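Residue numbers (our numbering): 2 to 272. For each residue, glycine too, the CB sits at the ideal point set by N, CA and C. Computed from a predicted structure; not experimentally measured. Notes to accompany the following structure.
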Amino acid sequence: MSVHKEIRKVTTHVLSAMKLRGEKISMLTSYDYSMAKLVDEAGVDVILVGDSASNVMAGNETTLPITLDQMIYHGTSVVKAVNRALVIVDMPFGTYQGNSKEALSSAIRIMKETAADAVKLEGGSEVLESVDRILSAGIPVMGHLGLMPQSIHKYGTYTVRAKQEEEADKLIEDAKLLENAGCFGIVLEKIPAELGKRVAESVKIPIIGIGAGSGVDGQVLVIHDMLGITQEFSPRFLRRYHNLAVEIKGAVGTYIEDVKSLNFPNEREQY
Ligand code: KIV
């Protein structure tokens, strides 16, 4: 009897089926080979190569500066490590807004060069033409509504979005537009929990929340935040599952002491 365990790759269809049977979807970001390998082996359903790489990998204040080439670099590294999870790559700022032909060629570059499974982009009605064109090439698209970090300069703050009825109504309308266009899912960021639940109940496609409450179909967090590598970012929605910053600094501190005191390398650690 074969002991080989078959890995069933997560597809967009698997995610729809999960929503149908009420099974919550787990999603985390990754940006490099080594972390993506661990996250995939741990069994997460979806890995997002988020443009949050601009913050946590490149040290920028916003997600705006990251380029298409840089997202492709991160995407390529992640895809090489992943066997099971669905891999989605964020389309960076300036590569899909306002020009649907450019949007399509950006998405094609991502799919060709990274071998990812899908792309994600921010916005509703204002990016619908781009969404339509990308979908027409057979590329799966995930939407992103609510707090949209690429529009930070329009709003000026990262506070909770859609607290007022007008903005909440527009958000639900946008979610339906994206669903009707053919998006396979939507990320909802930092909105009231009650609205998150309403959106998830208004559409058939999976809604993945980050600060959108427990009534949505799945959750996503930035891996550096949930592992406690980043220390300065502490929104209410963030649960830290570890305090890796302390562990990393502790290990590095011990290494420095060992080097200085000639405790490293010892006899067994040299040739
Ligand atoms: O870029 C990112 O990491 C994201 C998540 C916050 C959903 O878009």
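Worksheet item: Can you tell me whether DSSP reads Q220 as helix, strand or coil?
Response: For the purposes of this step, residue 220 is taken as residue 219 along the sequence shown, with counting starting at 1. In the structure shown, Q220 sits in a strand (DSSP, three-state: E or B).
Practice prompt. Measure the beta-carbon distance from T63 to I153 and round it to whole angstroms, keeping in mind my assumption that it falls under 8 Å.
Written response: As a working mapping, residue 63 is identified with position 62 in the sequence shown. As a working mapping, residue 153 is identified with position 152 in the sequence shown. At roughly 5 Å, the Cβ-Cβ gap stays under 8 Å, so T63 and I153 are in contact.
Worksheet item: Can you tell me the Cα-Cα spacing of V90 and V50, whole angstroms?
Response: Along the sequence shown, one-based indexing puts residue 90 at 89. Along the sequence shown, one-based indexing puts residue 50 at 49. Cα to Cα, the separation comes out at about 5 Å.
Worksheet item: Mind checking A252: buried by the 16 CB within 10 Å criterion, or exposed?
Response: Numbered from its first residue, the sequence shown carries residue 252 at position 251. By the 10 Å Cβ count, A252 comes out exposed.
Worksheet item: Out of curiosity, what's the CA-to-CA distance linking V11 and G44?
Response: Sequence index remark: in the sequence shown, residue 11 carries index 10 (1-based). Sequence index remark: in the sequence shown, residue 44 carries index 43 (1-based). Each residue's Cα considered, the two are about 10 Å apart.
Worksheet item: Skipping 5 residues on each side, what residues in its chain have a beta carbon closer than 7 Å to that of G147?
Response: Here residue 147 refers to the residue found at position 146 of the sequence shown. Shown here for G147: same chain residues with a beta carbon closer than 7 Å to its own, the five before and five after excluded, namely R162, A163, L172, L189, E190, K191, I192 and A213 in chain order.
Worksheet item: Among A59, V47 and I208, which has the Cα closest to the Cα of V83?
Response: As a first step, residue 83 is located in the sequence shown; it is residue number 82 there, counting from the start. Here the closest residue by C-alpha is V47.
Worksheet item: Is H243 helix, strand or coil when you go by DSSP?
Response: Mapped onto the sequence shown, residue 243 falls at position 242. Coil at H243, not helix or strand.
Practice prompt. Starting from the C-beta of M19, find all residues in its chain whose C-beta is less than 6 Å away, skip the five residues before and the five after it, and write them out in chain order.
Written response: As a first step, residue 19 is located in the sequence shown; it is residue number 18 there, counting from the start. Around M19: I26.
Item to complete: Give every residue of the same chain whose Cβ lies closer than 6 Å to the Cβ of S101, excluding the five residues on either side of it in the sequence, and list them in chain order.
Response: Counting from 1 along the sequence shown, the entry for residue 101 is found at position 100. Counting only Cβ-Cβ distances below 6 Å, and skipping sequence neighbours, we find E130, S131 and R134.
Practice prompt. Check each candidate in G60, K121, Y32 and M36 and name the one with the smallest Cα separation from G183.
Written response: Counting from one through the sequence shown, the residue named residue 183 turns up at place 182. Of the candidates G60, K121, Y32 and M36, K121 places its Cα closest to the Cα of G183.
Practice prompt. Using 6 Å as the cut-off, classify the Cβ of D52 as near or not near the heavy atoms of the ligand KIV, replying yes or no.
Written response: Here residue 52 is taken as the residue at index 51 of the sequence shown, counted from 1. The nearest non-hydrogen atom of the ligand KIV is less than 6 Å from the C-beta of D52.
Discussion item. Taking the straight line between their C-alpha atoms, what separation do you get for M2 and R22?
Written reply: One-based indexing of the sequence shown puts residue 2 at position 1. One-based indexing of the sequence shown puts residue 22 at position 21. Low local confidence applies: a pLDDT of 47 at M2 is under 50, so the model's placement there is unreliable, with the coordinate-based value given in what follows. Approximately 32 Å, taken between the alpha carbons.
Worksheet item: With P66 and S55 assumed to form a contact (beta carbons below 8 Å), what rounded beta-carbon distance in angstroms separates them?
Response: Walking along the sequence shown from the start, residue 66 turns up at place 65. Walking along the sequence shown from the start, residue 55 turns up at place 54. Contact flag correct, Cβ pair sits at about 6 Å.
Item to complete: Would you list, in sequence order, the uninterrupted beta strand (DSSP E) runs of no fewer than 3 residues that lie entirely inside the stretch 40-97?
Response: The qualifying runs are 47-50 and 87-91.
Practice prompt. Could you tell me whether any non-hydrogen atom of the ligand KIV is closer than 6 Å to the CB of D91?
Written response: Working through the sequence shown from its first residue, we reach residue 91 at position 90. Shortest gap from the CB of D91 to any heavy atom of the ligand KIV: under 6 Å.
Worksheet item: To which residues does DSSP link A201 through a beta bridge?
Response: What you label residue 201 is simply residue 200 of the sequence shown in a count that begins at 1. Answer is none; A201 lacks a bridge partner.
Discussion item. Between the alpha carbons of A138 and L105, how many angstroms are there, rounded?
Written reply: Sequence index remark: in the sequence shown, residue 138 carries index 137 (1-based). Sequence index remark: in the sequence shown, residue 105 carries index 104 (1-based). Approximately 8 Å, taken between the alpha carbons.
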